[in-house]
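When you read off a place in the sequence shown, starting at 1, and then add 101, the result is the number in the numbering used here.
Think of the CB as a built atom: it goes at the ideal place given N, C-alpha and C, for glycine as much as any other residue.
Just so we're clear, the structure is a prediction, and the values are computed from it rather than from any experiment.
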Amino acid sequence: MQLTLTRPDDWHLHLRDDTALNAVVGHTAKTFARAVVMPNLTPPVINTELASQYRDRILQAAKAYPGFDPLMTLYLTEQLTPEEIARAGASGFIKACKLYPAGATTNSDAGVKDIQKIYPTLEAMQRANLVLCVHGEVVDPKVDIFDREAVFIDQILTPLVREFPELRVVLEHITTEQAATFITDSPETIGATVTPQHLMYNRNDMLVGGIKPHFYCLPIIKRDNHRQALVNLAMSGHPRLFLGTDSAPHARTAKESACGCAGMFSAHAAIELYAEVFEQHGALDKLEAFASFHGPDFYGLPRNADTITLEKSPWTVPETYGFGDDVLVPMKAGAELQWRVRD
Ligand code: NCD
Ligand code: ZN
């Protein structure tokens with residue numbers, strides 16, 4: 102069995118830097134034409150100049166894949182000025198800015214503490230036609246970790262969308278029923294990405310029979326009713342839901358630790374994992390639009406012109422992949438996957 106798709110794009114990806122970048126970029130670039138590259142490096146990518154240099158390093162690391170086009174993002178801080186936003190918009194290679202509430206996730210300490218402080222910056226983004234990518238979780242210690250996305254939607258995102266009716270906003274890596282409903286009820290300017298892990302797993306997978314650090318990512322994997330809501334939204338073919346893996350590599354030692362890092366690595370088998378979910382739900386006919394049409398349509402970019410072919414040909418995911426001097430443990434390590442991309 103074979104399935105030919107317009108070449109897909111990954112609308113949410115962590116590529117890291119230096120040896121880590123060299124280790125992971127090929128996993129994405131071998132299959133995907135474009136990827137929206139997250140800016141949460143240390144130090145973060147906070148201006149056009151840093152984004153340009155980072156882009157050059159990515160292109161260098163991906164030189165075996167000359168068609169690969171990294172779409173860059175700026176990391177929103179309370180210091181980012183409207184002038185810098187105008188520069189970013191004019192660059193052509195920066196497509197979005199990423200909002201991290203300070204402290205919400207990996208390398209988010211420089212993020213935004215008071216959303217009101219960046220309203221002039223958001224105004225400038227609306228003018229420059231840049232997309233706002235949102236890590237949608239509040240960080241208030243009184244809010245339970247499993248509720249942080251729903252509370253963010255109510256307290257931060259709903260007022261923000263009302264205030265900026267022309268700003269395109271992507272709620273990244275959605276994990277809840279509330280997020281699915283928010284997207285269904287939202288205007289044309291609002292989109293969302295969903296990861297393979299949030300379509301496949303619930304919190305039992307992470308916590309029953311022993312704590313499994315490789316399932317820990319943010320926003321945290323929720324109860325099964327939430328996974329089902331995400332599956333229903335994806336399988337419905339919703340036109341503003343698109344592929345964003347949030348593939349977030351960390352060294353095995355950083356994950357298998359008393360205080361393990363958040364992030365799952367899925368780039369080694371990204372389209373294959375999504376194909377598995379869509380097939381399980383009898384919706385393989387919806388995969389191409391989710392992976393290859395909805396993202397560029399939302400971002401106002403052309404759809405890719407070439408194709409990839411998936412074939413049903415089971416293979417076993419390696420236990421680890423190289424990651425600089427270390428290794429990383431990929432999603433579905435040691436397990437069998439049904440689909441593979443034909444070379
Ligand atoms: C991401 C990372 O490791 O950079 N981690 C994660 O759990 N998703 C950051 C993020 O997207 O939240
Ligand atoms: Zn991410």
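Return yes when the Cβ of residue j is within less than 9 Å of the Cβ of residue i, no when it is not.
i	j	result
LYS218	GLU179	yes
SER287	ARG341	yes
LEU114	THR129	yes
PRO183	GLU224	yes
THR174	ALA211	no
ASP119	GLY425	yes
TYR317	GLY364	yes
HIS236	LEU200	yes
GLY423	ALA390	no
THR105	ASN405	no
VAL239	GLN256	yes
HIS382	MET336	yes
PHE343	THR410	no
VAL138	LEU160	no
SER449	THR296	Only positions 102 to 444 of the chain appear in this structure, which leaves residue 449 out of reach.
TYR375	LEU172	no
GLY310	ASP110	no
ILE195	ALA152	yes
PRO221	VAL213	no
TYR176	ILE216	no
THR206	LEU308	no
LEU334	THR408	no
ILE186	LEU231	yes
PRO140	TYR155	yes
GLU273	ASP347	yes
TRP416	ARG441	yes
Check whether the Cβ of residue i lies closer than 8 Å to any heavy atom of ligand 2, and answer yes or no.
i	result
HIS115	yes
ALA349	yes
HIS274	yes
MET226	no
THR174	no
MET139	yes
THR105	no
HIS299	no
HIS395	no
THR206	yes
HIS128	no
HIS382	no
Any heavy atom of ligand 1 inside 8 Å of the beta-carbon of residue i?
i	result
ALA363	yes
SER209	yes
HIS369	no
CYS360	no
LEU319	yes
HIS236	yes
Output needed for residue i: all residues of its chain with C-beta closer than 8 Å, excluding positions within five of it in sequence on either side, in chain order.
i	result
MET102	GLU412, LYS413
ALA434	HIS315, VAL418, PRO419, GLU420, THR421
THR282	ALA330
ASP306	LYS313, PHE316, ILE322
VAL332	LEU300, VAL378, HIS382
ALA121	PRO350, PHE424, GLY425
Which same chain residues, not among the five before or five after residue i, have their C-beta less than 6 Å away from its C-beta?
i	result
THR149	ARG188, ALA189, SER192
LEU385	PHE379
ILE321	ILE246
GLY204	VAL240
ALA355	CYS362
LYS243	none
ASN123	ALA162
PHE133	PRO109, ASP110, ASP111
CYS234	ALA197, LYS199, VAL271, GLU273
ARG135	ASP110, ASP170, LEU172
For residue i, which residues from the same chain have a beta carbon less than 7 Å from its beta carbon, with the 5 sequence-adjacent residues on both sides left out?
i	result
ARG324	ASN303, ARG304
PRO403	PRO397
HIS327	THR276, THR277, GLU278
VAL126	LEU116, ILE159, ALA162, ALA163
GLU377	LEU438, GLN439, TRP440
LEU388	LEU106, TYR375, ALA376, PHE379
For the region 363 to 375 against the region 164 to 173, do three or more pairs of beta-carbon atoms, one drawn from each stretch, fall closer than 8 Å, so that the two count as touching?
Cβ pair count under 8 Å is below three, so no.
Open item on the list: Within 8 Å, do at least three Cβ pairs link the region 265 to 273 to the region 282 to 297?
Closed with: yes
- prompt: Are the region 344 to 354 and the region 423 to 430 in contact at 8 Å, needing three or more beta carbon pairs?
  reply: yes
For this session: Evaluate contact between the region 247 to 260 and the region 272 to 283, counting only Cβ atoms and requiring at least three cross-stretch pairs below 8 Å.
Result: The region 247 to 260 is in contact with the region 272 to 283.
Note to self: Any contact between the region 357 to 368 and the region 436 to 444? By contact I mean 3 or more CB pairs, one from each, below 8 Å.
What the structure shows: no
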